[in-house]
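Let me begin by presenting the structure, written as structure tokens, before commenting on it.
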Amino acid sequence: MELLTTILSTAVVLGVLIFVHELGHFLVARWAGVTVLRFSLGFGPRVFGIQRGETDYCVSAVPLGGYVKMLGEDPEEEVEEADRERSFSHQPVKKRLAIVLAGPLSNVVLAIVLFAVVFGVFGLPHLTTEIGTVTKASPAAQAGLQPGDKVLSINGKELEDWDALSETIQQEGTRPLDVMVERNGEVLHFRVTPQVQEVKNIFGEPIQRPVIGITAAGSYRVERINPFKALYYSLEQTWTLSKLFFLTIVKLIERVLPMETLGGPILIAQMAGQQAQEGLMNFLHFMGLISINLAILNLLPIPVLDGGHIFFFLLEAMLGRPISVRKVELAQKVGLFVLIVLMVFVFYNDIMRLLPKGPGVPAP
Numbered sequence: 011m012e013l014l015t016t017i018l019s020t021a022v023v024l025g026v027l028i029f030v031h032e033l034g035h036f037l038v039a040r041w042a043g044v045t046v047l048r049f050s051l052g053f054g055p056r057v058f059g060i061q062r063g064e065t066d067y068c069v070s071a072v073p074l075g076g077y078v079k080m081l082g083e084d085p086e087e088e089v090e091e092a093d094r095e096r097s098f099s100h101q102p103v104k105k106r107l108a109i110v111l112a113g114p115l116s117n118v119v120l121a122i123v124l125f126a127v128v129f130g131v132f133g134l135p136h137l138t139t140e141i142g143t144v145t146k147a148s149p150a151a152q153a154g155l156q157p158g159d160k161v162l163s164i165n166g167k168e169l170e171d172w173d174a175l176s177e178t179i180q181q182e183g184t185r186p187l188d189v190m191v192e193r194n195g196e197v198l199h200f201r202v203t204p205q206v207q208e209v210k211n212i213f214g215e216p217i218q219r220p221v222i223g224i225t226a227a228g229s230y231r232v233e234r235i236n237p238f239k240a241l242y243y244s245l246e247q248t249w250t251l252s253k254l255f256f257l258t259i260v261k262l263i264e265r266v267l268p269m270e271t272l273g274g275p276i277l278i279a280q281m282a283g284q285q286a287q288e289g290l291m292n293f294l295h296f297m298g299l300i301s302i303n304l305a306i307l308n309l310l311p312i313p314v315l316d317g318g319h320i321f322f323f324l325l326e327a328m329l330g331r332p333i334s335v336r337k338v339e340l341a342q343k344v345g346l347f348v349l350i351v352l353m354v355f356v357f358y359n360d361i362m363r364l365l366p367k368g369p370g371v372p373a374p
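Letter by letter, the sequence shown follows residues 11 to 374 in the numbering used here.
Written out as structure tokens, the structure is:
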């Protein structure tokens, strides 16, 4: 059952994300009056499909992506004079840009919808202010705080969740804190003075910040919200995650994050199976995360990716003339090589994660 869940959940995640991405290209191409010759889920040989009008809707053999093939997509493709109005390469730059940009934007819209459904149906989760552990000899321990205490306020500021607690400590710096907690139904006050210590951020970088030596218990409360608030928090979540993914790419380039942290389809499959077993809420939220990830990756200015095409179209718009076909083809060959190397690397990382960690087996 676990293997079946993993297979089905992976098929749903990849299938939906790829379909939505290609659907974005397809719909805007049709809106722009461009003939779409093929709408394919997957690459390689055609497995099955159906012909409707001029478009072949099909499933192909390699399920690691998809594509929309348009008339005149190759600038060197011969297009009859009567068909030029419906040819991709004969469209104005703004239309070609819109068609290519529609794919990543469709994944962003999908993420917004998924998060809105999660927050609207299941509620907005908040990490409570219940203390899980108190570091020995820390300011919190010296003041008398204990695991299980629920922090109600700091310096008179009521706290709704753990994020508010953490932000308040950072804002107050090393000034003494009046911490009000609830313990066994009794409200107690403690005087705690934070200490500046070196800690690591989410990227493993050492930073200096004031701390009092407590960690969260990991308990959550769920806030029921109306659809409008769900949409607002969905937009906020999408924006926050988009910035985080961009920053992650920067940290990878800067070698702050090791390349071994990258994962590919196998890791996605493992995580999809795990989240599916945790429940529908976790699974939909995970799908939203991967959808944003897919959008950001496709916007990178690497030839053969959507971002590479967007880069050339913007360059064409600035120069006022098309980029040389030879230069574009050379850039695409380099981009394809980079993409293949990256895929080999992430597959290697995925396989190494599957191998048992023991003598003679390097740890990922």
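We put the CB at the ideal spot given by N, CA and C, even for glycine.
#1: Helix, strand or coil: which one does DSSP assign to Met80?
#2: Provide the residue span of the beta strand (DSSP E) that contains Ala226, from first to last.
#3: With C-beta atoms as the reference, is Leu134 less than 7 Å away from Glu233?
#4: Below 8 Å on the Cβ atoms is my contact criterion, and I expect Asn117 with Val30 to pass it. Report the Cβ-Cβ distance as a whole number of Å.
#5: Gly130 to Asn236, Cα distance in whole Å?
#6: Less than 8 Å between the CB atoms is what I'm expecting for Gly283 and Thr65, so what's the real figure, rounded?
#7: Figure out for me which residue from Gln342, Ala174, Cys68, Leu315 has the closest Cα to the Cα of Leu111.
#8: If we ignore side chains and look at the alpha-carbon of each, how far apart do Lys104 and Ala327 end up?
#9: Can the beta-carbon of Gly54 be found less than 7 Å from the beta-carbon of Ala71?
#10: Suppose the cutoff is 6 Å on Cβ atoms and the five residues either side in sequence are ignored; what does the same chain contact list for Pro372 look like?
#11: Work out the CA separation of Val351 and Gln280 for me, nearest whole Å.
#12: Helix or strand or just coil, what does DSSP make of Met188?
#13: If the criterion is Cβ atoms closer than 7 Å, does the pair Phe200 and Ala153 meet it?
#14: Nearest-angstrom Cα distance between Gly318 and Gln218?
#15: The beta strand (DSSP E) that contains Glu233, what's its start and end?
#16: Please name the residue or residues paired with Tyr67 in a DSSP beta bridge.
#17: State the start and end residues of the unbroken alpha helix (DSSP H) segment that holds Gln287.
#18: Would Val78 and Phe98 qualify as a contact pair, given that the criterion is a beta-carbon distance under 7 Å?
#19: Identify the continuous alpha helix (DSSP H) that holds His319 and give its terminal residues.
#20: How should Gln285 be labelled, buried or exposed, when 16 other C-beta atoms within 10 angstroms of its C-beta is the threshold for buried?
#21: Figure out for me which residue from Val209, Pro157, Val221 has the closest Cα to the Cα of Thr178.
#22: Under a three-way DSSP split, which group does Lys146 fall into?
#23: Can you tell me the Cβ-Cβ gap for Thr203 and Pro149, rounded? I've got them flagged as a contact below 8 Å.
#24: Can you check which of these residues, Asn303, Arg265, Ala39, is closest to Ala108 by C-alpha distance?
#25: Return the CA-CA distance between Gly264 and Arg193, expressed in angstroms with no decimal places.
Looking at the coordinates:
#1: Reduced to three states, the DSSP call for Met80 is strand.
#2: Unbroken beta strand (DSSP E) run through Ala226: 224-226.
#3: With contacts defined by Cβ atoms closer than 7 Å, Leu134 and Glu233 form a contacting pair.
#4: So it is a contact: roughly 6 Å between Cβ atoms.
#5: If I take the Cα positions, the gap works out to 6 Å.
#6: With a Cβ gap of about 34 Å, Gly283 and Thr65 do not count as contacting.
#7: Nearest option by C-alpha distance: Leu315.
#8: Going by C-alpha positions, Lys104 is about 8 Å away from Ala327.
#9: Cβ distance < 7 Å, so Gly54 and Ala71 count as in contact.
#10: Because the pLDDT at Pro372 is just 34, under 50, the model does not fix this residue reliably, and the point stays unresolved.
#11: Cα-Cα distance, rounded: 22 Å.
#12: A small correction: the amino acid at residue 188 is Asp; Met does not occupy that position in the sequence shown. Correct three-state label for Asp188: strand.
#13: Closer than 7 Å, so yes.
#14: Their backbone Cα atoms lie some 39 Å apart in a straight line.
#15: Annotation for Glu233: the continuous beta strand (DSSP E) segment containing it runs 230-233.
#16: In the DSSP secondary-structure assignment, Tyr67 is bridged to Phe49, Ile60.
#17: Here the alpha helix (DSSP H) through Gln287 covers 275-288.
#18: Contact: no.
#19: Looking at the DSSP string, the run of the alpha helix (DSSP H) that includes His319 is 316-329.
#20: Buried.
#21: Cα-wise, what sits closest to Thr178 is Val221.
#22: If DSSP states are grouped into helix, strand and coil, Lys146 belongs with coil.
#23: Contact between Thr203 and Pro149 holds, since their C-beta atoms are separated by about 6 Å, short of 8 Å.
#24: It is Ala39 whose Cα lies nearest to the Cα of Ala108.
#25: Checking the sequence shown, residue 264 turns out to be Glu, not Gly. When the Cα atoms are used, Glu264 and Arg193 turn out to be separated by approximately 46 Å.
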